[in-house]
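Participant: Structure in structure tokens, see below.
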Amino acid sequence: MKKILIADDAVFMRMMLRDLLTQHGFTIAGEAENGQEAVELFDELKPDLLIIDILMPIMDGLTAVEKILRKHPDAKIAMITAMGQRTYIDRAKEIGVKTFITKPFSPQAVIDKLNSIF
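Take 751 as the starting number for the sequence shown in our numbering and just add one per residue.
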């Protein structure tokens, strides 16, 4: 089973993703509510994939991803974006993010994207 770390400041979003992913056979390694926690938990838990929101308090998702990729260049990361965040998406691509989950999303689209990563 693939272990996934979810990082999003919205409790509802983390809960929704956790429920969806566990229903499809993924294991939730942990959850973070900001980028700083995501960096710390990624180092500690070494998940197979990180799903991270772009806009979060304390440390945004882009900064967190930069830090994670410096230490773990082969990390698999899916970034959650909202419609209209084009500049953030472009920056995320520059950093090395290859997969994006755009809100609002359909559950099947999320599962398809994650399966394509693995």
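All C-beta atoms in this analysis are idealised placements derived from N, C-alpha and C, irrespective of residue type, glycine included.
Could you tell me whether the region 856-867 touches the region 764-771, using the rule of 3 or more Cβ pairs below 8 angstroms?
Facilitator: Contact between the region 856-867 and the region 764-771 is present, because at least three Cβ pairs lie under 8 angstroms.
Participant: Quick check on DSSP: helix, strand or coil for M829?
Facilitator: Locating residue 829 in the sequence shown gives position 79, counting from the first residue. In this structure, M829 counts as strand in the three-state DSSP scheme.
Participant: To the nearest whole angstrom, what separates the beta carbons of P846 and A757, a pair I think is in contact under 8 angstroms?
Facilitator: Position 96 of the sequence shown, counted from the first residue, corresponds to residue 846. Position 7 of the sequence shown, counted from the first residue, corresponds to residue 757. Inspection of the sequence shows that residue 846 is occupied by Gly rather than by Pro. The Cβ separation is near 16 angstroms, so there is no contact.
Participant: Okay, do the region 817-835 and the region 795-806 touch, 3+ Cβ pairs below 8 angstroms being the bar?
Facilitator: Touching, per the Cβ criterion.
Participant: Where do the ends of the alpha helix (DSSP H) carrying D793 lie?
Facilitator: Counting from 1 along the sequence shown, the entry for residue 793 is found at position 43. Where D793 is concerned, the enclosing alpha helix (DSSP H) stretches over 785-795.
Participant: Would you identify the three-state DSSP class for G757, choosing helix, strand or coil?
Facilitator: Translated into positions along the sequence shown, residue 757 becomes position 7. A small correction: the amino acid at residue 757 is Ala; Gly does not occupy that position in the sequence shown. Here A757 sits in strand by DSSP.
Participant: Only counting the same chain, and skipping five residues up and downstream in sequence, which positions put a Cβ closer than 7 angstroms to that of L819?
Facilitator: Here the question's residue 819 lines up with position 69 in the sequence shown. Hits under 7 angstroms: A825, I845, G846.
Participant: Looking only at C-alpha atoms, which of K843, F762, Q835, L755 sits nearest to L805?
Facilitator: The residue you call residue 805 lines up with position 55 of the sequence shown. Comparing Cα-Cα distances from L805 to each of K843, F762, Q835, L755, the minimum goes to Q835.
Participant: If M809 sits next to G785, beta carbons under 8 angstroms apart, how far is it from one beta carbon to the other, in whole angstroms?
Facilitator: By 1-based counting over the sequence shown, the position of residue 809 is 59. By 1-based counting over the sequence shown, the position of residue 785 is 35. Rounded, the Cβ-Cβ distance is 3 angstroms, consistent with contact.
Participant: Just checking my contact of F855 with K752 at CB under 8 angstroms: how many whole Å lie between their CB atoms?
Facilitator: Position 105 of the sequence shown, counted from the start, is the residue given in the question as residue 855. Position 2 of the sequence shown, counted from the start, is the residue given in the question as residue 752. Actually they are not in contact, since the Cβ atoms of F855 and K752 sit about 19 angstroms apart, beyond 8 angstroms.
Participant: Which residues does DSSP list as the beta-bridge partners of F868?
Facilitator: One-based indexing of the sequence shown puts residue 868 at position 118. Paired residue(s): none; F868 is not in a bridge.
Participant: Starting from L812 and walking both ways along the alpha helix (DSSP H), at which residues does that stretch end?
Facilitator: Mapped onto the sequence shown, residue 812 falls at position 62. Run containing L812: 811-821, per the alpha helix (DSSP H) assignment.
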